[in-house]
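Asker: The structure's right below; bear with me while I get my questions together.
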Amino acid sequence: MIISQTPLRISFVGGGTDLKSFYRSEDGMVLSSAIDKYVYVIVKERFDEKIYINYSIKEIVDEVPEIRHELVREAMKKVGIERGVEITTLADVPSEGSGLGSSSSVTVGLLNALYNYAGVQVTLEQIAKEACEIEIDICKKPIGKQDQYIAAYGGLNKIIFHPDESVSVSRTPVLNINLLILGSRLLLFYTNKTRKADNILKKQEQNTEDKRQVLREMKNFVPKLEEFLKSSKFNKLGKLLHENWLLKKSLVGAISNDEIDDMYQKAMDAGALGGKICGAGGGGFLLMYVPKAKQDKVRSALSDYRELPFMLDSFGSRIIFNVRRYSTK
Numbered sequence: 015m016i017i018s019q020t021p022l023r024i025s026f027v028g029g030g031t032d033l034k035s036f037y038r039s040e041d042g043m044v045l046s047s048a049i050d051k052y053v054y055v056i057v058k059e060r061f062d063e064k065i066y067i068n069y070s071i072k073e074i075v076d077e078v079p080e081i082r083h084e085l086v087r088e089a090m091k092k093v094g095i096e097r098g099v100e101i102t103t104l105a106d107v108p109s110e111g112s113g114l115g116s117s118s119s120v121t122v123g124l125l126n127a128l129y130n131y132a133g134v135q136v137t138l139e140q141i142a143k144e145a146c147e148i149e150i151d152i153c154k155k156p157i158g159k160q161d162q163y164i165a166a167y168g169g170l171n172k173i174i175f176h177p178d179e180s181v182s183v184s185r186t187p188v189l190n191i192n193l194l195i196l197g198s199r200l201l202l203f204y205t206n207k208t209r210k211a212d213n214i215l216k217k218q219e220q221n222t223e224d225k226r227q228v229l230r231e232m233k234n235f236v237p238k239l240e241e242f243l244k245s246s247k248f249n250k251l252g253k254l255l256h257e258n259w260l261l262k263k264s265l266v267g268a269i270s271n272d273e274i275d276d277m278y279q280k281a282m283d284a285g286a287l288g289g290k291i292c293g294a295g296g297g298g299f300l301l302m303y304v305p306k307a308k309q310d311k312v313r314s315a316l317s318d319y320r321e322l323p324f325m326l327d328s329f330g331s332r333i334i335f336n337v338r339r340y341s342t343k
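This is the structure:
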């Protein structure tokens with residue numbers, strides 16, 4: 015039995031520049047962090063030759079092409095596992111429409127677990143690259159590439175997406191104690207709404223050329239935010255998140271709505287310095303930067319919404335259990 019643990023993520027600035035419609039003509043750039051909420055993938059050998067897939071439903075099939083879960087199906091094809099296996103996916107938070115990059119964490123976690131099950135050593139770069147190929151090239155999801163790389167590498171990273179499809183990942187040099195301080199000032203609240211990111215991202219892709227200058231401004235926030243983090247100027251991070259959110263909302267109308275705007279304003283009135291909707295927008299989780307002294311007021315102002323306690327996580331996808339007592343295959 016193999017179990018992989020793969021983090022979800024929050025993105026700070028630069029989102030949207032990881033879409034191919036932007037980076038195919040100039041570098042895209044984001045700054046994102048893994049968090050201590052996870053997707054787990056369990057891979058177990060079966061005595062029979064069938065394939066068992068367990069998620070919100072249960073599938074039992076004879077051949078890989080029969081699998082309905084497209085991420086599982088394509089990950090098995092990539093790795094070359096054909097039969098006699100049971101795969102289970104579990105998540106700390108609802109995976110549909112959370113805005114925390116869960117589908118990419120599933121894909122990365124699947125590849126990591128399946129390669130380990132097959133006894134094949136792979137790099138984090140290969141896992142992230144193949145996860146992008148599965149989601150974007152094969153499954154035709156209109157998504158960017160940051161989620162797969164954060165899920166694979168973990169930590170707080172600047173990620174640059176080059177026109178030649180290569181990706182550069184660099185860890186932001188922040189002391190562990192400062193990461194704890196930063197994490198303690200970030201709050202996540204569930205909007206009580208899920209959304210299909212595909213619809214919003216399709217519109218955003220279509221608008222890329224018209225909104226390219228806005229996206230450049232958002233990209234240029236990345237080095238500024240890096241400097242704030244290196245120098246522990248965390249309150250400036252909050253204000254930069256606010257500027258980024260105003261720009262993000264201008265990309266596509268569906269990114270925000272009246273309820274999200276109301277949530278955001280209540281948090282700001284109660285003492286938050288800035289924030290954003292995680293992921294594509296339209297629902298999922300609202301991330302707010304709130305100084306410690308104001309957090310009780312913000313929680314009170316958003317008492318109708320469930321908070322998700324979390325911390326930043328330095329680990330990427332990893333194998334947390336690996337036992338193969340015997341193999342007949």
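For the sequence shown, the positions run 15 to 343 when the working numbering is used.
Using N, Cα and C, we set each Cβ at its ideal position, and we do this for glycine too.
#1: Could you check what DSSP says for D62 in three-state terms: helix, strand or coil?
#2: Which residue comes first and which comes last in the beta strand (DSSP E) that contains E73?
#3: Which value, in whole angstroms, describes the spacing of the CA atoms of V120 and K306?
#4: Please state if the CB of V53 and the CB of I16 are separated by a distance shorter than 8 Å.
#5: From E59, T103 and K244, pick the residue whose C-alpha is nearest to that of S70; which is it?
#6: Ignoring anything shorter than 3 residues or poking outside the region 191-223, list the beta strand (DSSP E) runs there in chain order.
#7: Nearest CA to the CA of Y303: which residue from L326, H256 and R320?
#8: Pull up the CB-CB distance for I74 and V99, whole angstroms please, since I reckon it's below 8 Å.
#9: Between which two residues does the alpha helix (DSSP H) containing Y278 stretch?
#10: Where does A294 fall in DSSP's three states?
#11: Going by DSSP, what residues sit across from G289 in a beta bridge?
#12: Applying the criterion that 16 or more other CB atoms from any shown protein chain within 10 Å of the CB defines a buried residue, is T137 buried or exposed?
#13: Mapping the DSSP letters down to three states, classify T186 as helix, strand or coil.
#14: Pull up the distance between the alpha-carbon of N221 and that of V228, whole angstroms please.
#15: If I'm right that S18 touches R332 with Cβ under 8 Å, what's the distance once you round it to whole angstroms?
#16: Between K311 and the rest of its own chain, which residues show a CB-CB distance below 7 Å, the 5 nearest in sequence each way excluded?
#17: How is M43 classed by DSSP in three states: helix, strand or coil?
#18: Locate the beta strand (DSSP E) running through F370, then write down its first and last residues.
#19: Could you give the C-beta distance for I150 and D327, rounded to a whole number, given that I count them as a contact under 8 Å?
#20: Alpha carbons only, please: which of R320, G197 and Y163 is nearest the one belonging to S184?
#21: Only counting the same chain, and skipping five residues up and downstream in sequence, which positions put a Cβ closer than 7 Å to that of T342?
#22: Just to confirm, is the Cβ distance from F242 to K233 under 8 Å?
#23: Between which two residues does the alpha helix (DSSP H) holding Q160 run?
#24: Take the Cβ of K247 as the centre, count every other Cβ of all protein chains shown within 10 Å, and call the residue buried at 16 or more, exposed below.
#25: Can you tell me whether Q160 is buried or exposed? The criterion is at least 16 other CB atoms within 10 Å of its CB, across all chains shown.
#26: Whose C-beta lies closer than 6 Å to the C-beta of F329 among residues of the same chain, with five residues either side of it excluded?
#27: Would you mind reading off the limits of the alpha helix (DSSP H) that contains A145?
#28: Look up E321 in the DSSP assignment and give the residues it is bridged to.
#29: Considering Cα atoms alone, identify which of E139, N68 and C153 is closest to A105.
#30: DSSP beta-bridge partners for V53?
#31: Less than 6 Å between C-beta atoms, sequence neighbours within five positions excluded: which residues of the same chain meet that for Y131?
#32: CB L301 to CB M277, shorter than 8 Å?
Answerer: Let's see:
#1: coil
#2: K72 to V75
#3: 33 Å
#4: no
#5: T103
#6: 200-204
#7: H256
#8: Rounded, the Cβ-Cβ distance is 12 Å, inconsistent with contact.
#9: D272 to D283
#10: coil
#11: M302
#12: exposed
#13: coil
#14: 11 Å
#15: 7 Å
#16: A284 and G285
#17: strand
#18: Outside the modelled stretch of the chain, which goes from 15 to 343, sits residue 370, for which no answer is possible.
#19: Not a contact, Cβ separation roughly 25 Å.
#20: Y163
#21: Summary for T342: the model assigns pLDDT 47, below 50, so the residue's position carries little reliability, and this model does not support an answer.
#22: no
#23: Q160 to Y167
#24: exposed
#25: buried
#26: G168
#27: L138 to C146
#28: F203
#29: N68
#30: T20 and A105
#31: I16 and V57
#32: no
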